[in-house]
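Sequence lines, in order, name chains A and B. Using my numbering, the first residue of the first sequence is number 49, and each one after it goes up by one. Using my numbering, the first residue of the second sequence is number 902, and each one after it goes up by one. For each residue, glycine too, the CB sits at the ideal point set by N, CA and C. Computed from a predicted structure; not experimentally measured. I have placed the structure first, in the form of structure tokens, so that the comments after it can refer back to it.
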Amino acid sequence: MAKAKETLIPRMEEPVSSAPPSTAAASVVGISKRFGKASVLENISFDVGEGEVLVLLGASGSGKTTILRIIAGLEMPYTGKVILHGKDVTELPARERGVGVIFQSYALFPKMTVEKNIGYGLRIRKRKRKEIKETVNELLSLVQLEEHRKKYPSQLSGGQQQRVAIARTLAYKPEVLLFDEPFGALDTQTRVHLRREIRTLLKKVNVPSIFITHDQEEALELGDRVAVLNVGHIEQIGTPFEIYNHPATEYVATFLGAANVLDAVVRQDFIEVGSAKIPLTVDKEKFKPGDCVKIVFRPEDVSLQRGDLMRSGHARLASAIIEEIAFVGAYERVRLQIEAGDGCKTDETRFLLTTETPDRKPSKSIIATRPKPEASATRLHVGERVVVALTSFTVLPPQGSKGAN
Amino acid sequence: MSSIVPAMRHVRGFDVARPLSIGMLVFMMLPLVFLPLASIFIFGTSNGLDKFWAALTAPEAIFALKLSMATSFWATVFNVIFGLFAAYVLSRYNFWGRNALIVTISLPTAIPTAVAGFALLLLWGPYGTLGRLLAPHGFQIMFTAWAIILANIFVTFPLAFGVIKPVFDTMSHSLEEASATIGATRWQTFWHVTLPSLRGAIVSGALLTFARAVGEFGSTILVSGNLAGRTQTAPLYIFAKFNEGQIEAANAIAIVLALFSFLIFSVLFFARDWLDVD
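As structure tokens, this is what we get:
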């Protein structure tokens, strides 16, 4: 854990990528959590703006559920604060926080009808019968379950139960909605359908929401912003566009879909990847010559061509041999063997290696995808040598100290 | 059932094992269960229904039945409430000695009822550990209806608990968490969320306890004093009348008790779906 901290702290001090939300509806400040001696969360901080949907994306064991439970008041943080609409609620029990939690199992009350479930929050708040009835009716129509009002949860489909769960929390106007892997128990079709529905619904009711999921597609589609978690710390927070196209770390890059990662060295005005020199145009001030970095690019950022002539916006990476071509529906996936850099060495050794043993360069597989029109216009064959060009890529800052890698 | 039968039929045509095994089962149960039960009814009504009715409505018989019902009722009320409480505590909290408590609660099932009655006598009796201190103040618990209730509580102690606890254990914790985040207090959560889910377990636990208490003999005979018209429960009445040679009188009550337990177990069996309805 000490090691994770070393790499974590300097990164936390960098400003988070996207503009902070204008007003924070919910904030988590410096949360850490331990179970016994095991540290599960380290110094987690983020804000959720009014009406914003923030997705906490992480693999299982990344601590995302624990964050949610801490915000809900079902778990106490070891250090740090939870602030809801400007009020420090860290010490408040769950029932006084006014948060709405949508559990993965829905947690609908099995002996209550749909109506009773939705009205529960108001009943225990001793609201007038008429007011409860009106609110329940309103919510039933909002989640389109009017005809199921008298049914019991066990008589509903998973998606319908999910909507009852949401309506049940919306009834008492929660400060923030917390979704704990809400689509985990549903089949792919329902979950795609339901998450679009919920996205529309959330925009309509304008309640700030925190979603947790391990599904990157879900995160990109649902979130106004996405926070990527990795073993108890936040790797990056940003808009879906930012974290997909400009991942801050290798973990983020590879966790959000397929990514090719290659070692590179920063030079004066370009980046050296193997024998290729790619002009470094953005973020120049972040690096200094000699830095060992990694470049990351998505399979769809790769352009394969036969000639050496570069179109504008394309940067030549290397020549490569096609190893495999697979048809995967919407596009064609090509695996190529590329001459890559042999890790990052100091300038001298690297120089020696590249000059003295030119034909023993290590090679690496990369993946490229080609959309249908391109694939059918230029047919490629296994074993063919092509030129690999990049249309877009991200340079990851050097990790830790230089000698470590 | 329908899914099991075809799988067993590995041979084409008539399956001999099926009628044979069913017949065997019934045949074995005949002398063990069916015939003894049947003989109560046959004997009880052999002298005519009016005789049966007269035996049943004898004041002492009525009293014994009423006393059995009343003492069993209060023992059931106590044990259901206690079982609920104990199940809640023992499945929600983990503490040192928890398993020892669970074993202790379950112990009375394993103790012979005569021993249970004897133990109560040694505690509450006129010369008992506690009874000795209470007797000078005019508190006499043994040989009263209270003693019968105490004995009933003791021997049926783990029954309701045993039915309720597994339901608590398997109940999804997220229901209570959901209720808490919605804003409910612990008590509201218990009343609106936890208790309704326990309805089936509570009803079946209560029926089991009641059925067991009504039939209790071994401990009752020791602690009650077996005074006709005062502390004589229905099973004691059967025993006493049998000893006096009044077989019809004993038999009439025996029929009532047999029918009664039959009724309770029918409810338990056939109302299962209703009790566990979601």
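Buried versus exposed call for L218/A [16 or more other C-beta atoms within 10 Å across all chains shown]: Counting from one through the first sequence, the residue named residue 218/A turns up at place 170. Buried is the call here.
In terms of alpha-carbon separation, which member of E1077/B, I1054/B and E1145/B lies closest to Q1113/B? For the purposes of this step, residue 1113/B is taken as residue 212 along the second sequence, with counting starting at 1. Position check: residue 1113/B holds Arg in this sequence, whereas Gln was assumed. Among E1077/B, I1054/B and E1145/B, the Cα nearest to that of R1113/B belongs to I1054/B.
Contact list for the stretch 119-146 of chain A against chain B, Cβ threshold 8 Å: A120, G121, L122, P141, A142, R143, E144, R145 and G146
Report yes or no: is there a C-beta of chain B within less than 8 Å of the C-beta of Y168/A? Within the first sequence, numbered from 1, the residue matching residue 168/A stands at position 120. True, the Cβ-Cβ gap to chain B drops below 8 Å.
My assumption, with CB atoms under 8 Å, is that R247/A sits in contact with L270/A. Please give the rounded CB distance. The residue labelled residue 247/A in the question sits at position 199 within the first sequence. The residue labelled residue 270/A in the question sits at position 222 within the first sequence. At roughly 6 Å, the Cβ-Cβ gap stays under 8 Å, so R247/A and L270/A are in contact.
What are the residues that DSSP puts in a beta bridge with L444/A? Walking along the first sequence from the start, residue 444/A turns up at place 396. Beta-bridge pairing links L444/A to K342/A.
Cβ separation of S257/A and F227/A, assumed to be a contact under 8 Å, to the nearest whole Å: Taking the first residue of the first sequence as position 1, residue 257/A is located at position 209. Taking the first residue of the first sequence as position 1, residue 227/A is located at position 179. Yes, they are in contact, since the Cβ atoms of S257/A and F227/A sit about 7 Å apart, within 8 Å.
Tell me the DSSP secondary structure of H281/A in three-state form. Within the first sequence, numbered from 1, the residue matching residue 281/A stands at position 233. In this structure, H281/A counts as strand in the three-state DSSP scheme.
Which stretch, first to last residue, makes up the beta strand (DSSP E) that contains L132/A? The residue labelled residue 132/A in the question sits at position 84 within the first sequence. T127 to L132 is the span of the beta strand (DSSP E), which, as asked, contains L132/A.
Within the chosen definition, does the stretch 949-964 of chain B reach the stretch 1099-1110 of chain B through at least 3 CB pairs nearer than 8 Å? no
Report the option in M124/A, K412/A, S360/A and P222/A whose CA atom is closest to the CA atom of V147/A. The count along the first sequence starts at 1 and reaches residue 147/A at position 99. With distances taken between Cα atoms, V147/A lies closest to P222/A.
Which term fits T1005/B, buried or exposed, when burial requires 16 or more other beta carbons within 10 angstroms of its beta carbon? As a first step, residue 1005/B is located in the second sequence; it is residue number 104 there, counting from the start. Exposed: under 16 other Cβ atoms inside 10 Å.
Would you verify that the beta carbon of V76/A is, or is not, closer than 8 Å to some beta carbon of chain B? Position 28 of the first sequence, counting from 1, holds the residue named residue 76/A. So no, V76/A is outside the interface.
Label T1071/B either buried or exposed according to how many other C-beta atoms from any shown protein chain fall within 10 Å of its C-beta, with 16 as the threshold for buried. Here the question's residue 1071/B lines up with position 170 in the second sequence. Per the 10 Å Cβ criterion, exposed.
Mind listing which residues of the stretch 1070-1092 of chain B have their C-beta closer than 8 Å to chain A's C-betas, in chain order? S1073, S1075, L1076, E1078, A1079, S1080, A1081, T1082, I1083, G1084, A1085, T1086 and Q1089
For G355/A, which option in V191/A, F94/A, I131/A and A366/A has the closest C-alpha, if you only look at C-alpha atoms? As a working note, residue 355/A is residue 307 in the first sequence. Per the Cα distances, A366/A.
List the residues of chain B whose Cβ lies closer than 7 Å to the Cβ of R173/A, in chain order. As a working note, residue 173/A is residue 125 in the first sequence. Those are G1084, listed as they occur along chain B.
How about P230/A: is its C-beta nearer than 8 Å to some C-beta of chain B? Looking up residue 230/A in the first sequence gives position 182. Not closer than 8 Å to any Cβ of chain B, the Cβ of P230/A fails to qualify, so no.
Just how far apart, CA to CA, sit V255/A and T426/A? Locating residue 255/A in the first sequence gives position 207, where the first residue counts as 1. Locating residue 426/A in the first sequence gives position 378, where the first residue counts as 1. The straight-line gap from Cα to Cα measures roughly 49 Å.
Entirely within the stretch 114-185 of chain A and at least 3 residues each: give me those beta strand (DSSP E) ranges in chain order. 127-132 and 147-150
Is the Cβ of D1179/B closer than 8 Å to any Cβ of chain A? Position 278 of the second sequence holds residue 1179/B. With a pLDDT of 41 at D1179/B, under the threshold of 50, the predicted position of this residue should be treated as unreliable, and no value is reported.
Three-way DSSP call (helix, strand, coil) for Q209/A in this model: Within the first sequence, residue 209/A is the residue found at index 161, counting from 1. Correct three-state label for Q209/A: helix.
Report the rounded CA-to-CA distance for F157/A versus A1017/B, giving the unit in angstroms. Counting from 1 along the first sequence, the entry for residue 157/A is found at position 109. Counting from 1 along the second sequence, the entry for residue 1017/B is found at position 116. Distance between the alpha carbons of F157/A and A1017/B is about 42 Å.
Cβ pair T261/A, Y200/A closer than 8 Å: One-based indexing of the first sequence puts residue 261/A at position 213. One-based indexing of the first sequence puts residue 200/A at position 152. Not in contact: T261/A and Y200/A (Cβ atoms no closer than 8 Å).
Alpha-carbon spacing of L328/A relative to G232/A, whole angstroms: If you number the first sequence from 1, residue 328/A lands on position 280. If you number the first sequence from 1, residue 232/A lands on position 184. Each residue's Cα considered, the two are about 42 Å apart.
In this structure, how does DSSP classify I228/A when only helix, strand and coil are distinguished? Residue mapping note: residue 228/A aligns to position 180 of the first sequence, counting from 1. It is Asp, not Ile, that sits at residue 228/A in the sequence shown. In the structure shown, D228/A sits in a strand (DSSP, three-state: E or B).
CA-CA distance, H294/A and A307/A? Position 246 of the first sequence holds residue 294/A. Position 259 of the first sequence holds residue 307/A. In a straight line, the C-alpha of H294/A is about 12 Å away from that of A307/A.
Since G984/B and I1050/B should fall inside the 8 Å C-beta cutoff, what is the C-beta to C-beta distance between them, to a whole number of angstroms? In the second sequence, the residue the question calls residue 984/B occupies position 83. In the second sequence, the residue the question calls residue 1050/B occupies position 149. About 16 Å separates the two Cβ atoms, so there is no contact after all.
Give me, in chain order, the residues of the same chain whose beta-carbon lies closer than 7 Å to that of Q353/A; leave out the 5 immediate sequence neighbours on both sides. The sequence position of residue 353/A within the first sequence is 305, counting from 1. Excluding residues within five positions, the ones whose Cβ falls inside 7 Å are V434, V435 and A437.
Would G148/A count as contacting chain B if we go by Cβ distances under 8 Å? Working through the first sequence from its first residue, we reach residue 148/A at position 100. Chain B, which has a Cβ nearer than 8 Å to the Cβ of G148/A, makes this yes.
How far does the beta strand (DSSP E) with L105/A in it reach, from first residue to last? Working through the first sequence from its first residue, we reach residue 105/A at position 57. V101 to G106 is the span of the beta strand (DSSP E), which, as asked, contains L105/A.
How many Å lie between I941/B and L966/B at the Cα? Against the second sequence, residue 941/B aligns to sequence position 40. Against the second sequence, residue 966/B aligns to sequence position 65. Each residue's alpha carbon lies about 17 Å from the other.
Under 7 Å, CB to CB, which of the residues in the stretch 151-163 of chain A have a partner in chain B? F151, S153, A155, F157, P158 and K159
Assuming the contact rule is C-beta atoms closer than 8 Å, I172/A and R216/A should be a hit. Round their C-beta distance to whole Å, please. In the first sequence, the residue the question calls residue 172/A occupies position 124. In the first sequence, the residue the question calls residue 216/A occupies position 168. That belief does not hold up - the Cβ atoms of I172/A and R216/A are roughly 12 Å apart, past 8 Å.
Using a Cβ-Cβ distance cut-off of 8 Å, determine whether Y220/A contacts chain B. Here residue 220/A refers to the residue found at position 172 of the first sequence. Chain B contact via Cβ: present.
Quick one: residues in its chain with C-beta nearer than 7 Å to the C-beta of V300/A, no 5 flanking neighbours on either side, listed in chain order? On the first sequence, residue 300/A is found 252 positions in, with the first residue counted as 1. The answer, listed in chain order, is V276, E283, Q284 and I291.
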